[in-house]
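>
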Amino acid sequence: MKSKRLLAIALILGLLSMSLTPVTLAAPPDASKPVPAVVIPPAERSIEFDTRIDATGFGPWMFDQDLSPYVHNLNPDMGVYAYQSLVWNPDGVGNGSPGSGGSGQASFGTCTAVNSNVQATPVGVTVEFNNFQLTLIQKVNWAIWGQSGDHRDYTGGTGTIKVGGVVKLKLINCRITNDVSWPAPLGPGGATGSVAGSGWGTIDRANSDDAWEAEFDNGNGQVEFVFTSFSSVVQSAYGAYASHLIVRSAAHQEDIEVLHVIDVGPLAFPATGVSLDVLSFTRGGLNHDLDFVQVTRVAADPGGAPPAGFARIVPDQYWQIGNTLDALSADVTFDVSEITGVPHLAALTLLRRDKTGSPWQVCPGQIFTDATHIRVINPSLGEFGLGEALAGDVNRDGQVSVVDLTLAAAAFNSTPGLANWNPAADWNSDSIINVFDLVVVGMNFGRTA
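Numbered per the numbering used here, the sequence shown spans residues 4 to 452.
#1: Jot down the residue ranges of each uninterrupted alpha helix (DSSP H) in the region 263-315, minimum 4 residues, whole runs only, in chain order.
#2: Please classify tryptophan 91: does DSSP put it in a helix, a strand, or coil?
#3: Helix, strand or coil for phenylalanine 228 per DSSP?
#4: Is it buried or exposed for alanine 123, if we count other Cβ within 10 angstroms and need 16 for buried?
#5: Round the Cβ separation of threonine 299 and threonine 327 to the nearest angstrom and send it over; I've been treating them as touching at under 8 Å.
#6: Can the beta-carbon of isoleucine 206 be found closer than 8 Å to that of valine 226?
#7: Buried or exposed: where does arginine 251 fall if 16 or more other Cβ atoms within 10 Å of its Cβ makes it buried?
#8: Which residues in the same chain have their Cβ closer than 7 Å to the Cβ of arginine 350, if we skip the five residues on either side of it in sequence?
#9: Thinking C-alpha only, which one of Gly190, Val117, Pro426 is nearest valine 166?
#10: So which of Asp212, Ser239, Leu172 has the shortest CA-CA distance to threonine 195?
#11: Just grab the DSSP bridge partners of phenylalanine 448 for me.
#12: Taking only the alpha-carbon atoms, compute the straight-line gap between tyrosine 321 and phenylalanine 61 and give it to the nearest angstrom.
#13: Leaving out five residues on either side along the sequence, give the residues of the same chain with a beta carbon under 7 Å from the beta carbon of threonine 285.
#14: Assuming contact is defined by CB atoms lying nearer than 8 Å, are glycine 200 and cysteine 177 in contact in what I supplied?
#15: Note down the Cα distance separating valine 237 from alanine 243, rounded to an integer number of angstroms.
#16: Going by the CB atoms, is the gap between isoleucine 164 and valine 128 shorter than 8 Å?
#17: Name the two residues that bound the continuous alpha helix (DSSP H) containing tryptophan 215.
#18: Using alpha carbons as the reference points, say which of Trp185, Pro63, Val170 lies closest to alanine 146.
#19: Pick helix, strand or coil for valine 405, following the three-state DSSP scheme.
#20: Please identify the residue among Thr138, Asp67, Gly168 whose C-alpha is closest to the C-alpha of asparagine 78.
#21: Does the distance from the CB of isoleucine 140 to the CB of arginine 155 come in under 8 Å?
#22: Leaving aside the five residues before and after phenylalanine 219 along the sequence, list all residues of the same chain whose C-beta is less than 6 Å from its C-beta, in chain order.
#23: Can you confirm whether the region 265-284 touches the region 333-343 when touching is taken to mean that 3 or more C-beta pairs between the two stretches lie within less than 8 Å?
#24: Within its chain, find whatever has a CB closer than 7 Å to the CB of serine 110; leave out the 5 residues flanking it on each side and keep chain order.
#25: For tyrosine 453, which of Gln108, Val229, Thr375 has the nearest alpha-carbon?
#26: Give every residue of the same chain whose Cβ lies closer than 7 Å to the Cβ of alanine 333, excluding the five residues on either side of it in the sequence, and list them in chain order.
#27: Identify which residue in Asn431, Thr115, Tyr86 has its Cα closest to the Cα of glycine 288.
#28: Taking the Cβ atom as the reference point for each residue, do lysine 173 and asparagine 210 lie within a distance shorter than 8 Å?
#29: Considering only the beta carbon of each residue, do isoleucine 342 and leucine 389 sit closer than 8 Å?
#30: Entirely within the region 340-427 and at least 3 residues each: give me those beta strand (DSSP E) ranges in chain order.
#31: Which whole-angstrom value describes the C-beta separation of isoleucine 377 and leucine 353, a residue pair presumed to lie in contact below a C-beta threshold of 8 Å?
#32: Report back the beta-carbon spacing between serine 432 and asparagine 423 to the nearest angstrom; my notes put them in contact at under 8 Å.
#33: Can you look up asparagine 431 in the DSSP assignment and give me helix, strand or coil?
#34: From methionine 21 to alanine 412, what does the alpha carbon distance come to, in whole angstroms?
#35: Just to confirm, is the Cβ distance from threonine 157 to leucine 189 under 8 Å?
#36: Rounded to whole angstroms, what's the CA-CA distance from valine 444 to leucine 408? Just pull it up for me.
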């Protein structure tokens, strides 16, 4: 193996000697980045509630009540639609029918248990949730009879925990996720369907009690929600959902951005490091008034096995992208400049999967637009992560061979914009293929992922 690497380096030197353009060698930039200290979560602190919340509005079409799920009749009295919002209905107004203003079921959030240093008993502790809008919906196993369902995100809402009517913990930019199994025979949800729930919220420091903020802030300023025993109380033009809720410190950070698609063109989500170039779109919902795109950057290990030819899945973060549109065509660009622990950013390749637990696959049609941005041509939306290839593996086939050496040599002395520029060979991300990049290939010659 050593002799093969020496031979590869000799070939590199030969290529350099034949170059007609003199190369000025400079010290390579320091590609290393400090790895942030690991946040050690404190002993889990949580508060539990029994809750009920209203759902209202006709969102995207789900299926028809005559059990013909693939025939959309545009009739809300005959079809089943995702609810467009989650709201607080403390007075229990309405009777569930269109125009009545509510489900007729009073919203509540009554504490049942505490595991906290700042509150000894559940007496007088309440929670409220309000003003959530449906901003992402993804059909699951669509067109597979008996397995169908959907994934829904409601965002932009607020949460408030009070003791004796006094605000103790205020949460903003909250998310509530419903994973819905449709009723039989369309889905696996039994006679009425079933819902699993989770969520997230950011602590509003200015409007929270200091002691409660310190108790639940795990260093990222966020809390997470776990909904169990999620079930419907009434379903009509308005619905009501009852559940058991656990609020606890968040183990990692999530950044959520939601924007309206107003027109074709650029759409930037700076807090998540993502931008879209919208090519075309069709609004969703019964009234064609839903136009949200949602991007969530999750600062956690996405899990899953890397595709063949990759050394690992980068554990720093991943993205979840979805919308409420009937159709969307857009190119997506990801900023990878904040990725740590990767010596060569050129080793990164964008991966995609339908949802958590699905297999990772390489996104087709991707390019490095510069040293720190990967652009994908009109991908299917879902979850996106980063695969790290073996250093020196220019063509991403899981081994460093003469093919990679040939590709790197063909791009030698190139910069972005030149015909022979190959960003996959720019191992030190300095926007030029030079001796340092060729040495990376040579030093790893013969290795496999």
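All C-beta atoms in this analysis are idealised placements derived from N, C-alpha and C, irrespective of residue type, glycine included.
Taking the geometry as given:
#1: Taking only runs of at least 4 residues, no alpha helix (DSSP H) segment lies wholly in the region 263-315.
#2: In the three-state reduction of the DSSP assignment, tryptophan 91 falls in the coil class, being assigned neither a helical nor a strand state.
#3: Secondary structure of phenylalanine 228 (DSSP, three-state): strand.
#4: So alanine 123 ends up on the exposed side.
#5: At roughly 15 Å, the Cβ-Cβ gap does not stay under 8 Å, so threonine 299 and threonine 327 are not in contact.
#6: Using a Cβ distance threshold of 8 Å, isoleucine 206 and valine 226 count as a contacting pair.
#7: It counts as buried.
#8: Sequence check: residue 350 is alanine here, not arginine. Counting only Cβ-Cβ distances below 7 Å, and skipping sequence neighbours, we find Glu391, Ala392, Ala394.
#9: When each option's Cα is compared against that of valine 166, the closest is Val117.
#10: Ranked by Cα distance from threonine 195, the first of Asp212, Ser239, Leu172 is Ser239.
#11: As DSSP reads the structure, phenylalanine 448 sits in no beta bridge.
#12: Between the C-alpha atoms of tyrosine 321 and phenylalanine 61 there is a straight-line separation of about 31 Å.
#13: Result list for threonine 285: Leu328, Asp329, Ala330, in chain order.
#14: Their beta carbons are not under 8 Å apart, which means glycine 200 does not touch cysteine 177 by this criterion.
#15: Our two residues, valine 237 and alanine 243, have alpha carbons roughly 6 Å apart in a direct line.
#16: Closer than 8 Å, so yes.
#17: Residues 213-219.
#18: Comparing Cα-Cα distances from alanine 146 to each of Trp185, Pro63, Val170, the minimum goes to Trp185.
#19: In this structure, valine 405 counts as helix in the three-state DSSP scheme.
#20: Residue nearest to asparagine 78 within the set Thr138, Asp67, Gly168 is Asp67 (criterion: CA-CA distance).
#21: Contact flag set, yes.
#22: Cβ neighbours of phenylalanine 219 beyond the five flanking positions: Val226, Ser252.
#23: Counting Cβ pairs under 8 Å, three or more are found: they touch.
#24: Hits under 7 Å: Arg55, Ile56, Asp57, Trp91, Asn92, Pro93.
#25: No information on residue 453 is available, as it lies outside the stretch 4 to 452 that the chain covers here.
#26: Excluding the 5 residues flanking it on each side, alanine 333 has same chain C-beta neighbours closer than 7 Å at Leu279, Asp280, Val281, Leu282, Asn381, in chain order.
#27: Nearest to glycine 288 by alpha-carbon distance, out of Asn431, Thr115, Tyr86, is Tyr86.
#28: Taking 8 Å as the Cβ cut-off, lysine 173 and asparagine 210 qualify as a contacting pair.
#29: The Cβ-Cβ distance between isoleucine 342 and leucine 389 falls below 8 Å.
#30: If we require 3 residues or more, the beta strand (DSSP E) runs fully inside the region 340-427 come out as 351-356, 369-373, 376-379, 386-392.
#31: Right, their Cβ atoms sit about 5 Å apart.
#32: The beta carbons of serine 432 and asparagine 423 sit about 18 Å from each other, so the pair does not count as a contact at 8 Å.
#33: When secondary structure is reduced to three states using DSSP, asparagine 431 falls in the coil class, being assigned neither helix nor strand.
#34: Any reading at methionine 21 must be qualified, since the residue scores a pLDDT of 42, below 50, and its modelled position is unreliable; no value is offered.
#35: Sequence check: residue 157 is tyrosine here, not threonine. No, the pair does not count as a contact, with Cβ atoms beyond the cut-off.
#36: Cα to Cα, the separation comes out at about 6 Å.
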